[in-house]
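Chemist: Quick one: this structure, given as structure tokens, is what I'll be asking you about.
There are 2 protein chains.
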Amino acid sequence: MRKIKIGICGYGNIGKGVELAISQNPDMELVRIFTRRNTNDIIPVSRVPVIPYEDISRYSNAIDVMVVCGGSAKDLPEQSPFLAGHFNIVDSFDTHNKLMQHFSEIDKQALANEKVAIISTGWDPGDFSVQRVNMNSALPAGSTYTFWGPGVSQGHSDAIRQIEGVKDARQYTVPKDIALNCIRGGKTPVLTEREKYFRECYVVAEDGADQSAIENSIKTMEDYFADYDTKVFFISERDMKERHSKMPHGGFVYHIGTTGDGNKHIIEYKLQLDSNPEYTGSVMLSYARAAYRMNRNGEKGAKTVLDVSPAMRSIMTREELLKSGWI
Amino acid sequence: MRKIKIGICGYGNIGKGVELAISQNPDMELVRIFTRRNTNDIIPVSRVPVIPYEDISRYSNAIDVMVVCGGSAKDLPEQSPFLAGHFNIVDSFDTHNKLMQHFSEIDKQALANEKVAIISTGWDPGDFSVQRVNMNSALPAGSTYTFWGPGVSQGHSDAIRQIEGVKDARQYTVPKDIALNCIRGGKTPVLTEREKYFRECYVVAEDGADQSAIENSIKTMEDYFADYDTKVFFISERDMKERHSKMPHGGFVYHIGTTGDGNKHIIEYKLQLDSNPEYTGSVMLSYARAAYRMNRNGEKGAKTVLDVSPAMRSIMTREELLKSGWI
Numbered sequence: 029m030r031k032i033k034i035g036i037c038g039y040g041n042i043g044k045g046v047e048l049a050i051s052q053n054p055d056m057e058l059v060r061i062f063t064r065r066n067t068n069d070i071i072p073v074s075r076v077p078v079i080p081y082e083d084i085s086r087y088s089n090a091i092d093v094m095v096v097c098g099g100s101a102k103d104l105p106e107q108s109p110f111l112a113g114h115f116n117i118v119d120s121f122d123t124h125n126k127l128m129q130h131f132s133e134i135d136k137q138a139l140a141n142e143k144v145a146i147i148s149t150g151w152d153p154g155d156f157s158v159q160r161v162n163m164n165s166a167l168p169a170g171s172t173y174t175f176w177g178p179g180v181s182q183g184h185s186d187a188i189r190q191i192e193g194v195k196d197a198r199q200y201t202v203p204k205d206i207a208l209n210c211i212r213g214g215k216t217p218v219l220t221e222r223e224k225y226f227r228e229c230y231v232v233a234e235d236g237a238d239q240s241a242i243e244n245s246i247k248t249m250e251d252y253f254a255d256y257d258t259k260v261f262f263i264s265e266r267d268m269k270e271r272h273s274k275m276p277h278g279g280f281v282y283h284i285g286t287t288g289d290g291n292k293h294i295i296e297y298k299l300q301l302d303s304n305p306e307y308t309g310s311v312m313l314s315y316a317r318a319a320y321r322m323n324r325n326g327e328k329g330a331k332t333v334l335d336v337s338p339a340m341r342s343i344m345t346r347e348e349l350l351k352s353g354w355i
Numbered sequence: 029m030r031k032i033k034i035g036i037c038g039y040g041n042i043g044k045g046v047e048l049a050i051s052q053n054p055d056m057e058l059v060r061i062f063t064r065r066n067t068n069d070i071i072p073v074s075r076v077p078v079i080p081y082e083d084i085s086r087y088s089n090a091i092d093v094m095v096v097c098g099g100s101a102k103d104l105p106e107q108s109p110f111l112a113g114h115f116n117i118v119d120s121f122d123t124h125n126k127l128m129q130h131f132s133e134i135d136k137q138a139l140a141n142e143k144v145a146i147i148s149t150g151w152d153p154g155d156f157s158v159q160r161v162n163m164n165s166a167l168p169a170g171s172t173y174t175f176w177g178p179g180v181s182q183g184h185s186d187a188i189r190q191i192e193g194v195k196d197a198r199q200y201t202v203p204k205d206i207a208l209n210c211i212r213g214g215k216t217p218v219l220t221e222r223e224k225y226f227r228e229c230y231v232v233a234e235d236g237a238d239q240s241a242i243e244n245s246i247k248t249m250e251d252y253f254a255d256y257d258t259k260v261f262f263i264s265e266r267d268m269k270e271r272h273s274k275m276p277h278g279g280f281v282y283h284i285g286t287t288g289d290g291n292k293h294i295i296e297y298k299l300q301l302d303s304n305p306e307y308t309g310s311v312m313l314s315y316a317r318a319a320y321r322m323n324r325n326g327e328k329g330a331k332t333v334l335d336v337s338p339a340m341r342s343i344m345t346r347e348e349l350l351k352s353g354w355i
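Structure follows, in structure tokens:
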């Protein structure tokens, strides 16, 4: 069997997650990793060659799908459109209010180059997007709820690290059980962010720093913490390393719909992830398979996860799926 | 906006569920109901004309998608291939070991007639099939579990009704919490059917019937009850009517997968349905939309739910979905 040749662009947490997932997908092989860092500084687990980003377009014939693993703020708006001009790509773009712009810039490049670019893959956007749309198609008269967590929010952790006197910080977003159980019971409340989540902050302070000033700076931070029930815990550097070095995450999508004479139906989808980047990388790789197959079927242009059928993502053929017992 | 013209073939519980769902999907209209019963015996809620089944092929130009609502044992093997020769169709065929044969017979007809036929829609097969395949694509190294219930099993209820001295019966399949919680905790046990389910039987006995003989007949019935922890409750006819006339159902799909250095990820999908046929009908209708659109896009032949992208099922256009906030 000819394997699908994968490239990874960007070797951060998600890039490493994609690399680890390759070995679980026997129809794929990792060909190259691309980086803007000094290539000598990177020794990938898989030992594949590491190539400078500026040379990436030379590999357009050697790679079937480029998995673009940069950040949504700065990397992807620049890299994804450029790379869609040379490769089938998948990315995990998650800046919602810039989705249309990202989509249309990539669409132009991918159409011109006759490639498929699947954007915003991962779990949210990604799995959760698929669930929200499928739930609303199955039950058009209903209410949909998304909860993130319990899990680490990188953005909120970074925001705390900017505060004077903070050496390190980790922020967990934790859904409130009272809200989850209300919905599980079939109620459809209107919930504020404060009613949905706790924010738990674990902080390592500099020696001699004013802890109550730090706590106050966190709890009053606009856009990040001011509108939430925020708890701040000061811990040692050692505790941070030992207890908070993993990147767990997860969340819930609920849909409560009605049919006929008030019959109620509750759908729940729940993710509980030990490693956010490893799961994200693994999901991205399944969409890389879809990008490859859709392009071989003659499709081109920008796509979202909503344009991808389950069969396209599966390692099995359509006939194998019919015989699999999974239908 | 031109509405999608829907026909319903078969006016049992599922046909009625489809009819109720039409009003929640403003891009669709119900055109006709077809039945093999005496058309005078049927007064549909929606007041649409009821037409004898033998005249159905005359309506091939008037109907965009026929929703085939017969039973999997006798109706669908005959009706779905025939109807796929005249219409885009969806059905809810659920006899797993005959899936390939059903698929290929319909495929022939639908290809020859350039129609799309989406088979085995509903929730299992249907939603659960989509979940099982997506979960395995996201996490190839893992274990998948399906549980049905708590809910009424029509087949098992019918089996009890065949026993001498039984006037009426209702059987609930109930997943065992100990099994569910074991999996939710991230364990991947090998489970027998007995370890997964209780079977709860509510029975109305004929006057003077031997209840202990009935109970024994149920509990020892091969293929249905002998391999389960079965509980039998004798109740009055009135209790049967008041407490057991709804058709609730539901179930769970779990996937426990690992990535990297033993990181564990748990995915749970849960359905809790007040009315099995109404939910099934509503899901089928979303696939009817997909069948119509896929056919307009030039597709033809038999499809399963695995061949349908989320966007095809949604009432929204691709552009509306990009702007919806659901991605």
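Chains A and B, in that order, give the protein sequences.
Residue 211 in this note's numbering sits at position 183 of the first sequence, with consecutive numbering throughout.
Residue 58 in this note's numbering sits at position 30 of the second sequence, with consecutive numbering throughout.
C-beta atoms are modelled at their ideal positions from N, C-alpha and C, and glycine is treated no differently.
Beta-carbon of VAL161/A versus every beta-carbon of chain B: anything under 9 Å?
Modeler: Yes, because at least one Cβ of chain B sits closer than 9 Å to the Cβ of VAL161/A.
Chemist: Given this structure, state the Cα-to-Cα distance separating SER171/B from LYS292/B, to the nearest angstrom.
Modeler: Distance between the alpha carbons of SER171/B and LYS292/B is about 11 Å.
Chemist: Please decide whether GLY279/A counts as near chain B, where near means a Cβ-Cβ distance under 9 Å.
Modeler: No, its Cβ sits nowhere closer than 9 Å to a Cβ of chain B.
Chemist: With 16 as the cutoff for other CB atoms within 10 Å, does SER342/A come out buried or exposed?
Modeler: SER342/A is buried by the Cβ-count criterion.
Chemist: Would you verify that the beta carbon of HIS272/A is, or is not, closer than 9 Å to some beta carbon of chain B?
Modeler: So, not an interface residue.
Chemist: Counting only Cβ-Cβ distances shorter than 7 Å, please list the residues of the region 303 to 335 of chain A near chain B, keeping chain order.
Modeler: Those residues of the region 303 to 335 of chain A that come within reach of chain B (Cβ to Cβ, closer than 7 Å) are SER303, GLU306, TYR307, SER310, VAL311, SER314, THR332, LEU334 and ASP335.
Chemist: Could you check whether the Cβ of GLN199/B sits closer than 9 Å to any Cβ belonging to chain C?
Modeler: Considering every chain present, this structure includes no chain C. Its protein chains are A and B.
Chemist: With a Cβ-Cβ cutoff of 9 Å, do GLY98/B and GLY193/B count as a contact?
Modeler: Taking 9 Å as the Cβ cut-off, GLY98/B and GLY193/B do not qualify as a contacting pair.
Chemist: Are MET163/B and HIS283/B close, meaning C-beta to C-beta below 9 Å?
Modeler: Going by C-beta atoms, MET163/B is nearer than 9 Å to HIS283/B.
Chemist: Is LYS274/B closer than 9 Å to ARG302/B when the C-beta atoms are compared?
Modeler: In the sequence on display, residue 302/B carries Asp and not Arg. Taking 9 Å as the Cβ cut-off, ASP302/B and LYS274/B qualify as a contacting pair.
Chemist: What residue does the alpha helix (DSSP H) around LEU58/B start on, and which one ends it?
Modeler: Segment 56 to 63 is the beta strand (DSSP E) holding LEU58/B; no alpha helix (DSSP H) there.
Chemist: Look up THR248/B in the DSSP assignment and say whether it is helix, strand or coil.
Modeler: Reduced to three states, the DSSP call for THR248/B is coil.
Chemist: Output the distance between the C-alpha atoms of GLY179/B and VAL202/B, rounded to the nearest integer angstrom.
Modeler: Each residue's Cα considered, the two are about 7 Å apart.
Chemist: Can you give me the C-alpha to C-alpha distance between ILE191/A and SER245/A, rounded to a whole angstrom?
Modeler: If you take the alpha carbons of ILE191/A and SER245/A, they lie about 7 Å apart.
Chemist: Determine which residues share a DSSP beta bridge with GLU347/B and list them.
Modeler: Answer is none; GLU347/B lacks a bridge partner.
Chemist: I want to check one thing, is the minimum distance from the CB of PRO338/B to the heavy atoms of the ligand NAP below 8 Å?
Modeler: This structure lacks the ligand NAP; in fact it carries no ligand of any kind.
Chemist: Whole angstroms is fine: what's the gap from ASP103/B's alpha carbon to GLY290/B's?
Modeler: Using only the alpha carbons, I get a separation of about 48 Å.
Chemist: For the beta strand (DSSP E) that contains ASP196/B, what are its first and last residues?
Modeler: Segment 194 to 203, the beta strand (DSSP E) holding ASP196/B.
Chemist: Say whether chain A places a C-beta atom closer than 9 Å to the C-beta of ALA145/B.
Modeler: No - not a single Cβ of chain A is within 9 Å of the one on ALA145/B.
Chemist: Would you tell me roughly how many angstroms separate the C-alpha atoms of GLY288/B and ASN89/A, rounded to the nearest one?
Modeler: Going from the Cα of GLY288/B to the Cα of ASN89/A covers about 29 Å.
Chemist: So with CB distances below 7 Å, who are the chain B contacts of GLN52/A?
Modeler: Within chain B, the residues near GLN52/A are PRO168 and ALA169.
Chemist: Confirm, please, whether the CB-CB distance from TYR87/B to VAL118/B is below 9 Å.
Modeler: In this structure, TYR87/B does not lie closer than 9 Å to VAL118/B by Cβ.
Chemist: Sorted by chain position, which residues of the same chain lie with C-beta nearer than 8 Å to ILE70/A's C-beta, five sequence neighbours on each side aside?
Modeler: Correct list, in chain order: TYR39, ILE61, THR63 and VAL78.
Chemist: Looking at ASP135/B and ALA330/B, is the spacing between their C-beta atoms short of 9 Å?
Modeler: For ALA330/B and ASP135/B, yes; Cβs fall inside 9 Å.
Chemist: Would you mind listing the beta strand (DSSP E) stretches within the region 70 to 120 of chain B that are 3+ residues and don't spill past its ends, in chain order?
Modeler: 78 to 80, 93 to 96 and 116 to 118, all fully within the region 70 to 120 of chain B.
Chemist: Please list the residues of the region 335 to 351 of chain A that have a C-beta atom closer than 9 Å to any C-beta atom in chain B, keeping them in chain order.
Modeler: Cβ contacts with chain B come from ASP335, VAL336, SER337, PRO338, ALA339, MET340, ARG341, SER342, ILE343, MET344, ARG346, GLU347, LEU349, LEU350 and LYS351.
Chemist: So with CB distances below 9 Å, who are the chain A contacts of GLN300/B?
Modeler: Within chain A, the residues near GLN300/B are ARG212, GLY214, LYS292, HIS293, ILE294, ILE295 and GLU296.
Chemist: Who are the Cβ neighbours of ILE188/B in its own chain at under 7 Å, not counting the five residues just before and after it?
Modeler: Only VAL194, ALA197, GLN199, CYS229, VAL231 and ILE246 meet the Cβ criterion.
Chemist: Just curious, the alpha helix (DSSP H) that SER157/A is in, first and last residue?
Modeler: Residues 155 to 166.
Chemist: Check whether chain A comes within 9 Å of SER157/B, counting only Cβ atoms and requiring the distance to be less than that.
Modeler: SER157/B counts as touching chain A.
Chemist: By how many angstroms is the C-alpha of ILE295/A removed from the C-alpha of LYS181/A?
Modeler: Per the sequence shown, residue 181/A should be read as Ser rather than Lys. Distance between the alpha carbons of SER181/A and ILE295/A is about 26 Å.
Chemist: To the nearest angstrom, how far is the alpha carbon of ASP251/B from that of PHE121/B?
Modeler: Between ASP251/B and PHE121/B, the C-alpha separation is close to 21 Å.
Chemist: Hey, could you find the ends of the beta strand (DSSP E) ARG228/B is sitting in?
Modeler: Inspection of the sequence shows that residue 228/B is occupied by Glu rather than by Arg. Element bounds for GLU228/B: 225 to 233.
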